[in-house]
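One structure is given here, and the rest of the page talks about it.
Chains as they are written, first to last, in the numbering used here: chain A, 10 to 263; chain B, 10 to 263.
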């Protein structure tokens, strides 16, 4: 198992509060010591940090925790390896370009027989089930549409592909093109949407408390999606098992 | 104009000595203040650091300078923007997956009419000439070969594509799949191959001297390719204008 973290916001937002909790679970408060990664979108650009070492003691994770990158869309992952050795090429999130946008993906779970799904254009660099599943999604989208379809069409198609993958095993996953954040919940994924009036929140994994009202404007809206709640004094919504969800500009879309 | 740095080695090698010189040229000893990036290969995995801020004062560049990532293949770039605004998506090196490998590219120069070259599969995320040229190379390779061709075939084809691009303007560029480092020299690119007996070298841009004999074994071989020589007490070979060069396992192949 691994842990996932995603963020969708309507203004560039600092992810450090949530990331510091996830990073602790990478070998400290959690067993996910086989690498970690995080991808931030800034406009159309996307930058990723990957490390096959545990995030809890990682110098790179320390930099990310201290570095005020503000982003509207983030995906992060801490890994407990099951399929695919501990190596940089097997470290999530994975990224591919499609239709002139960077797409990013992270997954927790195992998918039986995923490698029998044929791939034509997008191919895995590493050996994980997860990257194969991601390449399959990209391949399907690329075959079906030569360019960006309307948002409603794309939303429906990605939900359909997620549903197919959930039939093959455990597919808790986050996928984004920097505009929409698509979440698949096989078993375990929850989210919270923070908006005015903002309150305070305290991390479960670390002794950190934040008063969001001092860090936001009244129009800000941020949704955080995670495998398990990251704070103990807010109400997280658990996604229904075997369902998908879409977040855009910080809001739960459906 | 921008500056390029590439490394090909037969053993995982620390790039920090050379990178610290390049980073100084990013807004300090050189005018290349519009972003920088570096990509390291570790086995099949590739990690990149990108920053649209000047490398000379960059916290991220400081981390890279202090972080002993050892790699057989590296491409780095400091940018002086001409085409394409200063933004993360316009920051080199660019990366795409082809045939299950990560390909990385950085360029200096301008290419007239490059955007008239049609693209089918690979598309730019940003707005630079450079990323368009990279996507065109990837598209051409992908159309011609469904999977990795033999090395000699691939070498010849990439040299042919480089030659076409050099007819369109200034195309000093580095391209790699992590195994071979392909260099195109329109006007200005030089290299040095370090091997036993190793000596000492002093950077031009910074008061740093290294005795490579204390850091290497007799079988190590490393080639460093750069826009301008990085050291003042070694003999750098200038590539012939309008030519290509290939480096593999630290050696100049031809």
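Even for Gly, the Cβ is constructed at its ideal location relative to N, Cα and C.
Q: Pull up the DSSP beta-bridge partners for residue 58 of chain A, would you.
A: If you number the first chain from 1, residue 58 of chain A lands on position 49. Residue 58 of chain A is bridged to A:47.
Q: Give me the Cα-Cα distance between residue 226 of chain B and residue 203 of chain B, rounded to the nearest whole angstrom.
A: Counted from its first residue, the second chain places residue 226 of chain B at position 217. Counted from its first residue, the second chain places residue 203 of chain B at position 194. Their backbone Cα atoms lie some 12 Å apart in a straight line.
Q) Helix or strand or just coil, what does DSSP make of residue 66 of chain B? A) Translated into the one-based positions of the second chain, residue 66 of chain B becomes position 57. Residue 66 of chain B: helix per DSSP, three-state reduction.
Q.
For residue 79 of chain B, would you say it is in contact with chain A, using Cβ-to-Cβ distances shorter than 8 Å as the test?
A. For this step, residue 79 of chain B is matched to residue 70 along the second chain. The C-beta of residue 79 of chain B comes no closer than 8 Å to any C-beta of chain A.
Q. Any beta-carbon of chain A closer than 8 Å to the one on residue 52 of chain B?
A. Reading the second chain from its first residue, position 43 is the one you call residue 52 of chain B. Yes, contact with chain A.
(Q) Buried or exposed for residue 224 of chain B, going by 16 or more other Cβ atoms inside 10 Å? (A) Here the question's residue 224 of chain B lines up with position 215 in the second chain. With fewer than 16 other Cβ atoms within 10 Å, it is exposed.
Q: Go through its chain and collect everything with a Cβ distance to residue 55 of chain B's Cβ below 8 Å, but skip five positions before and after it.
A: Position 46 of the second chain holds residue 55 of chain B. If we look at residue 55 of chain B and ignore the five residues flanking it on each side, its Cβ neighbours are 48, 49, 104, 111, 113 and 187.
**Q.** C-alpha distance - residue 158 of chain B paired with residue 58 of chain B, whole-angstrom precision
**A.** Locating residue 158 of chain B in the second chain gives position 149, where the first residue counts as 1. Locating residue 58 of chain B in the second chain gives position 49, where the first residue counts as 1. Between the C-alpha atoms of residue 158 of chain B and residue 58 of chain B there is a straight-line separation of about 30 Å.
Q.
Quick check on DSSP: helix, strand or coil for residue 145 of chain B?
A. If you number the second chain from 1, residue 145 of chain B lands on position 136. Note: residue 145 of chain B maps to helix in three-state DSSP.
Q | Simplified DSSP state of residue 128 of chain B, which is helix, strand or coil | A | Taking the first residue of the second chain as position 1, residue 128 of chain B is located at position 119. Here residue 128 of chain B sits in coil by DSSP.
Q. Taking any Cβ of chain C, which residues in the stretch 108-135 of chain A have a Cβ under 8 Å from it, in chain order?
A. No chain C appears in this structure, whose protein chains are A and B.
Q: Measure from the C-beta of residue 190 of chain A to each C-beta in chain B and report whether the shortest distance is under 8 Å.
A: Here the question's residue 190 of chain A lines up with position 181 in the first chain. By this cut-off, residue 190 of chain A is not an interface position.
Q. Along chain B, which residues have their Cβ under 7 Å away from the Cβ of residue 157 of chain A?
A. Looking up residue 157 of chain A in the first chain gives position 148. Against chain B, a Cβ distance below 7 Å from residue 157 of chain A picks out nothing, because the smallest value is about 11 Å.
Q: Kindly indicate which residue of A:189, A:142 and A:121 has the alpha-carbon position closest to the one of residue 161 of chain A.
A: Against the first chain, residue 161 of chain A aligns to sequence position 152. Per the Cα distances, A:189.
(Q) Would residue 14 of chain A and residue 28 of chain A be called neighbours here (beta carbons separated by less than 8 Å)? (A) Here the question's residue 14 of chain A lines up with position 5 in the first chain. Here the question's residue 28 of chain A lines up with position 19 in the first chain. Yes; because the gap between Cβ atoms is below 8 Å, this pair is in contact.
**Q.** CA-to-CA distance, residue 144 of chain B to residue 164 of chain B, given in whole angstroms
**A.** Translated into the one-based positions of the second chain, residue 164 of chain B becomes position 155. Translated into the one-based positions of the second chain, residue 144 of chain B becomes position 135. Approximately 18 Å between the Cα atoms of the pair.
Q.
Let's test the definition: count the other Cβ atoms within 10 Å of the Cβ of residue 208 of chain A and tell me whether it reaches 16, buried, or not, exposed.
A. Along the first chain, one-based indexing puts residue 208 of chain A at 199. So residue 208 of chain A ends up on the exposed side.
Q. Is it buried or exposed for residue 100 of chain A, if we count other Cβ within 10 angstroms and need 16 for buried?
A. Start at 1 with the first residue of the first chain, and residue 100 of chain A comes out as number 91. Classification of residue 100 of chain A: buried, given that the 10 Å Cβ count is 16 or more.
Q.
Quick check on residue 207 of chain A: does DSSP put it in helix, strand or coil?
A. Looking up residue 207 of chain A in the first chain gives position 198. Residue 207 of chain A falls in the coil class under three-state DSSP.
Q) Going along chain A, which residues have a C-beta under 8 Å from residue 154 of chain B? A) Mapped onto the second chain, residue 154 of chain B falls at position 145. Residues of chain A whose Cβ lies closer than 8 Å to the Cβ of residue 154 of chain B do not exist; the shortest such Cβ separation is about 13 Å.
Q: Give the C-beta separation of residue 87 of chain B and residue 25 of chain B to the nearest angstrom, bearing in mind that I take them to be a contact with Cβ-Cβ under 8 Å.
A: What you label residue 87 of chain B is simply residue 78 of the second chain in a count that begins at 1. What you label residue 25 of chain B is simply residue 16 of the second chain in a count that begins at 1. Contact between residue 87 of chain B and residue 25 of chain B is absent: CB atoms are separated by about 15 Å, not below the 8 Å threshold.
(Q) Rounded to the nearest angstrom, what separates residue 117 of chain A and residue 66 of chain A at their Cα positions? (A) For this step, residue 117 of chain A is matched to residue 108 along the first chain. For this step, residue 66 of chain A is matched to residue 57 along the first chain. Residue 66 of chain A has its alpha-carbon roughly 22 Å from the corresponding atom of residue 117 of chain A.
Q) According to DSSP, is residue 199 of chain A helix, strand or coil? A) For this step, residue 199 of chain A is matched to residue 190 along the first chain. If DSSP states are grouped into helix, strand and coil, residue 199 of chain A belongs with the strands.
Q | Exposed unless 16 or more other CB atoms sit within 10 angstroms - verdict on residue 146 of chain B | A | Taking the second chain and counting its residues from 1, one reaches residue 146 of chain B at position 137. With 16 or more Cβ atoms within 10 Å of its Cβ, residue 146 of chain B is classed as buried.
Q: Using only alpha-carbon positions, find the residue among B:31, B:39 and B:239 that is nearest to residue 74 of chain B.
A: Locating residue 74 of chain B in the second chain gives position 65, counting from the first residue. Here the closest residue by C-alpha is B:31.
Q: For residue 242 of chain A, collect the residues of the same chain with a Cβ closer than 8 Å to its Cβ; drop the 5 residues on either side in sequence, then sort them by chain order.
A: For the purposes of this step, residue 242 of chain A is taken as residue 233 along the first chain, with counting starting at 1. Only residues of its own chain outside the window of five on either side were considered, and among them 209, 210 and 211 have a CB closer than 8 Å to the CB of residue 242 of chain A, listed in chain order.
Q. Would a C-beta distance cut-off of 8 Å place residue 253 of chain A and residue 191 of chain A closer than the cut-off?
A. The residue given as residue 253 of chain A occupies position 244 in the first chain. The residue given as residue 191 of chain A occupies position 182 in the first chain. The criterion of a C-beta distance shorter than 8 Å is satisfied by residue 253 of chain A and residue 191 of chain A.
Q. Which stretch, first to last residue, makes up the beta strand (DSSP E) that contains residue 88 of chain B?
A. In the second chain, the residue the question calls residue 88 of chain B occupies position 79. For residue 88 of chain B, there is no enclosing beta strand (DSSP E), as DSSP marks it with neither H nor E.
(Q) Determine, for residue 88 of chain A, whether the minimum Cβ-Cβ distance to residues of chain B falls below 8 Å. (A) Within the first chain, the letter at position 79 stands for residue 88 of chain A. No, because no Cβ of chain B sits closer than 8 Å to the Cβ of residue 88 of chain A.
Q: Closer than 7 Å by C-beta to residue 79 of chain A: which residues in its own chain qualify, once you throw out the five before and the five after it? Chain order, please.
A: As a first step, residue 79 of chain A is located in the first chain; it is residue number 70 there, counting from the start. Once the five neighbours on either side are set aside, the close Cβ partners of residue 79 of chain A are 21, 22 and 23.
Q: Name, going along the chain, the residues of the stretch 135-152 of chain A whose beta-carbon falls closer than 7 Å to a beta-carbon of chain B.
A: So the close ones are 135.
(Q) Counting C-beta neighbours from all protein chains within 10 Å, is the total for residue 81 of chain A 16 or more, i.e. buried, or is it exposed? (A) Position 72 of the first chain, counted from the first residue, corresponds to residue 81 of chain A. Label assigned to residue 81 of chain A: buried.
Q.
DSSP three-state label for residue 26 of chain B, please.
A. Walking along the second chain from the start, residue 26 of chain B turns up at place 17. Three-state result, residue 26 of chain B: helix.
Q) Contact check, residue 106 of chain B vs residue 84 of chain A under 8 Å by CB: the rounded distance? A) Start at 1 with the first residue of the second chain, and residue 106 of chain B comes out as number 97. Start at 1 with the first residue of the first chain, and residue 84 of chain A comes out as number 75. Their Cβ separation, rounded to whole angstroms, is 18 Å, which puts residue 106 of chain B and residue 84 of chain A out of contact at 8 Å.
Q: Could you tell me whether any Cβ in chain B is nearer than 8 Å to the Cβ of residue 59 of chain A?
A: As a working note, residue 59 of chain A is residue 50 in the first chain. Chain B contact via Cβ: present.
Q) Closer than 7 Å: is that where the CB of residue 37 of chain A sits relative to any heavy atom of the ligand NAD? A) With respect to small molecules bound, the structure shown includes none, and the ligand NAD cannot be examined in it.
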